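What follows is a short report on a single structure.
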Amino acid sequence: MPQPRHKAAARLEVILLAGPALLVFLAFVIFPVLMAAYYGFFSWQGYGPPTDFVGLKNYLTILQDPLFHDALAHNGVILVLSLVLQGPAAILLALLLNRRMRGQSLIRVLIFIPYVISEVVVGTGWSLMLQTSGAFNDLLQNIGLGFLANDWLSDPGIAIWTLMAIITWKYVGFAVILFLAGLQGIPEELHEAAAIDGASYWQIQWRITLPLLAPTVRIWAFLSIIGSLQLFDLVYIIWGQYIASTAGTSTMATYMVSEGRNAGNFGYGNAVAVVLFLISLVVALIYQRAVLKRDTDGAITGTPARKKRITR
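All the letters of the sequence shown, read from the start, carry residue numbers 1 to 312 under UniProt numbering.
Spelled out as structure tokens, the structure:
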């Protein structure tokens with residue numbers, strides 16, 4: 001029978017196609033994580049082989065450190081606010097840009113430009129503009145709104161909202177483009193049929209567009225959640241390692257750098273990296289099982305179909 005030969009050829013094809021990607025994944029993802037977990041058991045200064053074994057001391061210190069608790073809470077706030085602020089804004093903009101209008105292409109480009117700008121450029125520019133003597137406060141003074149001028153970066157009551165405004169400005173364009181791609185897959189005939197039945201524009205969007213756009217929204221939410229948990233660039237560039245904690249904008253990633261590399265304790269920094277990885281992994285698995293499962297069911301090919309009971 002030629003069937004075993006076909007199976008062997010199929011396995012060889014899978015190995016040839018997936019093998020290189022699997023090797024790269026093991027070398028640049030799994031191996032560094034394992035090494036970070038290993039170094040996390042040592043008090044290591046970053047050079048030479050680690051010899052000062054401390055066991056679980058680094059991990060216990062992380063779980064007991066109030067600064068890490070604050071950073072974790074900030075990540076949680078950023079996560080929730082990112083979903084609440086970016087999601088509705090991106091959906092409304094996508095619905096607007098999905099309609100025929102003048103300058104549609106230009107508006108799409110202008111919305112997407114902040115996303116492709118480097119985080120270093122964005123962070124440096126906003127940090128200069130939002131200083132107490134920066135361009136933003138000067139603008140408020142010149143237009144007669146000087147009473148609104150504030151310390152946008154150092155005030156703990158405002159800094160987190162400043163960060164969210166910058167994050168929304170930078171990343172909402174990605175969500176808009178993603179949602180526009182999802183809207184293109186919705187048949188226009190459904191909208192036309194609903195309009196003929198007397199449904200208003202907003203009823204069509206609420207009853208037809210949003211339910212069909214839900215898989216795209218769930219994918220975007222997943223990417224936003226993981227990005228919020230691993231946020232580092234903008235916070236570290238704008239606030240730095242010291243101001244971030246006092247301003248209430250520190251994250252787990254900035255805590256890892258400030259308490260690990262900058263403090264000369266690379267073993268502790270590796271332990272923080274492992275904790276951050278585990279938190280992200282747990283959140284990703286829970287989200288996949290609770291939310292994305294409905295989108296992935298039946299998407300994997302080659303699995304035997306469920307037997308349906310036929311009743312006569």
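Note that the Cβ used here is the ideal one computed from N, Cα and C, for glycine as well.
From a predicted model like this one, the values you see are computed outputs, not experimental measurements.
In chain order, what residues of the same chain have a beta carbon less than 8 Å from the beta carbon of residue i, not counting five sequence neighbours either side?
i           : result
residue 280 : 226, 229 and 230
residue 55  : 41
residue 67  : 245, 250, 255 and 259
residue 180 : 94, 97, 98 and 108
residue 194 : 203, 204, 207 and 208
residue 159 : 152, 153, 239, 247, 248 and 249
Could you check if residue i is buried or exposed, using at least 16 other CB atoms within 10 Å of its CB as the buried criterion?
i           : result
residue 200 : exposed
residue 171 : buried
residue 206 : exposed
residue 10  : exposed
residue 118 : exposed
residue 58  : buried
residue 322 : Look at the range of the chain in this structure, 1 to 312, and you will see that residue 322 is not part of it.
Can you tell me whether DSSP reads residue i as helix, strand or coil?
i           : result
residue 232 : coil
residue 53  : strand
residue 6   : helix
residue 179 : helix
residue 222 : helix
residue 201 : helix
residue 70  : helix
residue 130 : coil
residue 206 : helix
residue 48  : coil
residue 138 : helix
residue 162 : helix
For residue i, which residues in the same chain have their Cβ closer than 6 Å to its Cβ, ignoring the five residues on either side in sequence?
i           : result
residue 156 : 247 and 248
residue 111 : 173 and 176
residue 82  : 224 and 228
residue 129 : 135 and 136
residue 114 : 169, 170 and 173
Residues in the same chain with beta-carbon distance under 7 Å from residue i, minus the five sequence neighbours each way, listed in chain order, please.
i           : result
residue 256 : 269, 272, 273 and 276
residue 107 : 97
residue 261 : 269
residue 154 : 243 and 247
residue 123 : 233, 234, 237 and 238
residue 292 : 218 and 222
Give me the DSSP bridge partner(s) of residue i.
i           : result
residue 147 : In DSSP, residue 147 forms no bridge with anything.
residue 42  : 53
Would you say residue i reaches chain C, if we count a Cβ-Cβ gap shorter than 9 Å as a contact?
i          : result
residue 76 : The question asks about chain C, but that chain is absent: this structure has only one protein chain.
| Can you list the alpha helix (DSSP H) stretches of 4 or more residues lying completely in the segment 88-125, in chain order? | Within the segment 88-125, the complete alpha helix (DSSP H) runs of at least 4 residues are 104-116.
| Inside the segment 270-295 only - beta strand (DSSP E) runs reaching at least 3 residues | Within the segment 270-295, no complete beta strand (DSSP E) run reaches 3 residues.
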